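Asks: Residue numbers (our numbering): 6 to 495.
Ideal placement from N, C-alpha and C gives every residue a C-beta, glycine not left out.
Quantities reported herein were computed from a predicted structural model and do not represent experimental measurements.
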RNA sequence: CGGGGCAUAGCGUAGUCCGGUUAGCGCGCCUGCUUUGGGAGCAGGAGGUCGCAGGUUCGAAUCCUGCUGCCCCGACCA
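#1: Report yes if the C-beta distance between residue 178 and residue 276 is below 8 angstroms; otherwise report no.
#2: Three or more C-beta pairs under 8 angstroms: does that hold for the stretch 170-185 against the stretch 32-47?
#3: Classify residue 386: buried if its beta carbon has 16 or more other beta carbons within 10 angstroms, exposed otherwise.
#4: Grouping DSSP H, G and I as helix and E and B as strand, with all else coil, what is residue 7?
#5: Applying the criterion that 16 or more other CB atoms from any shown protein chain within 10 Å of the CB defines a buried residue, is residue 389 buried or exposed?
#6: Just the Cα atoms here: how many angstroms apart are residue 375 and residue 399?
#7: State the Cα-Cα distance for the pair residue 224 and residue 130, rounded to the nearest angstrom.
#8: Identify the continuous alpha helix (DSSP H) that holds residue 203 and give its terminal residues.
#9: Among residues of its own chain, excluding the 5 on either side of residue 495, which ones have a beta-carbon nearer than 6 angstroms to its beta-carbon?
#10: Drop a sphere of 10 angstroms on the beta-carbon of residue 102, count the other beta-carbons inside from all chains shown, and report buried for 16 or more, exposed for fewer.
#11: Using a Cβ-Cβ cutoff of less than 7 angstroms, which residues in the same chain neighbour residue 377 once the five nearest sequence positions on both sides are dropped?
#12: Kindly indicate which residue of 31, 65, 290 has the alpha-carbon position closest to the one of residue 50.
#13: Around the Cβ of residue 482, are there at least 16 other Cβ atoms within 10 angstroms (buried) or fewer (exposed)?
#14: Quick check: residue 349 and residue 397, are their CB atoms within less than 8 angstroms of each other?
#15: Less than 8 angstroms between the C-beta atoms of residue 52 and residue 359, yes or no?
#16: Given this structure, state the Cα-to-Cα distance separating residue 24 from residue 141, to the nearest angstrom.
#17: Alpha carbon to alpha carbon, how far is residue 19 from residue 78? Give it in angstroms, no decimals.
#18: Between the C-alpha atoms of residue 306 and residue 148, what's the straight-line distance to the nearest angstrom?
#19: Using alpha carbons as the reference points, say which of 406, 104, 98, 116 lies closest to residue 122.
#20: So, is residue 347 buried or exposed, given that buried needs 16 or more other C-beta atoms within 10 angstroms?
#21: Take residue 4 and list the residues in its own chain whose beta-carbon comes closer than 7 angstroms to its own, dropping the five residues that flank it on each side.
#22: Taking just the CA atoms, how far does residue 176 sit from residue 361?
#23: Starting from the Cα of residue 368, find the closest Cα among 335, 318, 113 and give me that residue.
#24: State the Cα-Cα distance for the pair residue 44 and residue 465, rounded to the nearest angstrom.
#25: Between which two residues does the alpha helix (DSSP H) carrying residue 523 extend?
#26: Which of the three DSSP states is assigned to residue 374 in this structure?
#27: Provide the residue span of the beta strand (DSSP E) that contains residue 222, from first to last.
#28: Can you give me the start and stop residues for the beta strand (DSSP E) that residue 143 sits inside?
#29: Cα-Cα, which of 490, 453, 74, 296 is closest to residue 419?
#30: On the DSSP letters alone, give me the boundaries of the beta strand (DSSP E) that residue 365 sits inside.
#31: Can you name, in chain order, every residue of its own chain whose Cβ lies under 8 angstroms from the Cβ of residue 111, other than the five neighbours on each side?
#32: Any chance you could list the beta strand (DSSP E) runs of at least 3 consecutive residues sitting entirely within the stretch 236-317, in chain order?
#33: Among 487, 416, 436, 247, which one has its Cα closest to the Cα of residue 207?
#34: In the DSSP assignment, find the alpha helix (DSSP H) that holds residue 414 and state where it starts and stops.
#35: Can you look up residue 466 in the DSSP assignment and give me helix, strand or coil?
#36: If you check the beta carbons only, do residue 133 and residue 74 fall under 8 angstroms apart?
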C-alpha cells in the first residue's frame, strides 16, 4: 500500500479521506454510507467517551439504554420533529425471511408483516419521552437526568467517513425538569461541558452560541451549539444542546404534580455529540505527513523505536527501552515499544507519524553509550537528543506542551480566519475564501435563506456572550442588534 | 431524484477504440540471503469467475442488450 498522502493544498477532501483510511481510523463498509471503525480509530473514540462520560456523571447524570426501534406512531406525535426527520428514516416492515420458492436466494416473507412498522432511531426523544411518562408523577421525581450511549441511523444521501455517515455512534442526554429556568440552565450547562471537552481534550477551540430558527433542532425551542473552524476554512458543528420547552412533554403527556398540587408539564432538554468529533479532530490538527493527535486522546502517546544492527544490539536496546516504557507507564503515559523486527526504523518513523503519535523516542547503540534518547515531536516535527536522566518528567512535560500548543495553533488559526464585514460585496468575497464572517443580520429566516441560496453560507451561531453592537443587515439593510457568525459548513 | 464517469489479483492500474498466444505492470503478501540512526536491496514465489446475466462469433476483458454496484457534481442534510 502506498502510504503517500494527498496534500491539503492539492485536494483537501482527498487529504481527509486518505488520512482516515491510511491512519487506520475507519473504512467504508459493504453497506452504503456505513463505516467500519477500526481499532485505532475506536481507541480514540473510547478516550473521548471516557472523558465525556465522566463529565456527565460529575454533573449528576446517569446512563441508561433505550431501544433501537421506535414505533412509527410515536414519531408523528411532535409535528416539527417528524417533519425534521421523516426524510431520512430507515423503516422495519417485516420480521422474517424465507427461501425464495422460485429459485435461489432468500426473500422477505410477506406473511411476516409488522402490524406497526418500526423506525430505526434517528434520535430517541420520542421513545424516551413515552417512557418518561411512566417515570414521572411528582416534583419529587425531578430532575430526571439520563444519558445514553448508542448508535443512530439517518439515511443520508451523501456520506463521508465520520463527518456524515448513515449510521453513527453518539451519546444523547435527555433530561426532565420542574421549571423552564432549570431546563434552560441544564441546556446551557451541557453546552459548556461540550465546549470544555473540545477545548481541553481535543485541543479544539470552539465558539458557543445559539442557532437561528432555520438551523434549530426539529422540536426544540432553542438550540445551543459549539462550532469549530477546520483548516480549509469551513465550519463544523461539533455539538448541540437543546432546550425543548414543553413540546415533548405535551406530545407524550408527561405531567407532574407540583408542590402546589397542580398538574404541570415538565420542561425538557436533550444534547448530543457524535463520532463526527473524530472528523473534527482529524481536520483541525493534522498535516501533510498524517494525523496529529492531542496527547490526551492519543491511544499511544509515546512510541519507542529501537535501532540496531544485530540481535545482540537489539536485546541491549530493548532492555533499555522496556525500562523507559515501565517508568513512563508509572507516570500514566501510554507507551508502545515497537519491537517489530520485520520493519526498518525509517518505515516505523513514517508509520507512527501517519498515525499521529505525539512523541517518538528513537534509541540505538549510540544512545546506549551516551545514556541519551532521540525524541521527536509530532506537532512541530522537531527532534532533539535528551539525557535519560528524569526522562519521565521530560516526557510528561512535553506531552503537556504539545496539548497546549495544538490548542494555541488552532486558536491562532481561527483568529486569523475570523473577519468582520459590513457590506454585501465584502461579505460574498470573504465567504468565498472561507473562515468565520461576523456580520449584521436582520434576524429573519427569509434573509438567512436568501443568503444561503446566494452564497451557500449559513448562520453558524448567534453569540451568547460578547458585546451587543447595532448595525445594518448586510443583505437587507434593516437594523440589527448584534453580529452573527456566518460560514460555509460541513 | 437529475447530469457525468467507473467496474480487470488485497490496493492502484494497462489492455477495450480496431475481438486472436499463458491478461501485463506497480504497491502489498510469502520464502531466503544481505540490510537496519528517515518509507531497504537482490533472488525466487503465491494470488484473476476481467461486476452479473444473456447474445453475436471458430474465438469475447474487448462487440451488442439488459441488470447490479460504486464514485464525482447537483438537489437533500441539525
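Replies: Taking the definition as stated:
#1: yes
#2: yes
#3: exposed
#4: At residue 7, the pLDDT of 37 sits below 50, so the modelled position is not reliable; the number obtained from the coordinates is stated separately. DSSP places residue 7 in coil when its eight states are reduced to three.
#5: exposed
#6: 17 angstroms
#7: 9 angstroms
#8: 185-205
#9: 168, 239, 241
#10: exposed
#11: 390, 391, 392, 393
#12: 31
#13: exposed
#14: no
#15: no
#16: 47 angstroms
#17: 42 angstroms
#18: 40 angstroms
#19: 98
#20: exposed
#21: In the structure displayed, the chain extends from 6 to 495; residue 4 sits before or after that span and is not available.
#22: 26 angstroms
#23: 318
#24: 33 angstroms
#25: This structure does not reach residue 523, given that the chain is present from 6 up to 495, and the question cannot be answered.
#26: helix
#27: Here residue 222 belongs to no beta strand (DSSP E), and DSSP marks it neither H nor E.
#28: Residue 143 -> no beta strand (DSSP E), and no H or E assigned at all.
#29: 490
#30: 364-368
#31: 102, 103, 104, 105
#32: 240-250, 260-262, 268-270, 272-279, 307-311
#33: 416
#34: 396-421
#35: strand
#36: no
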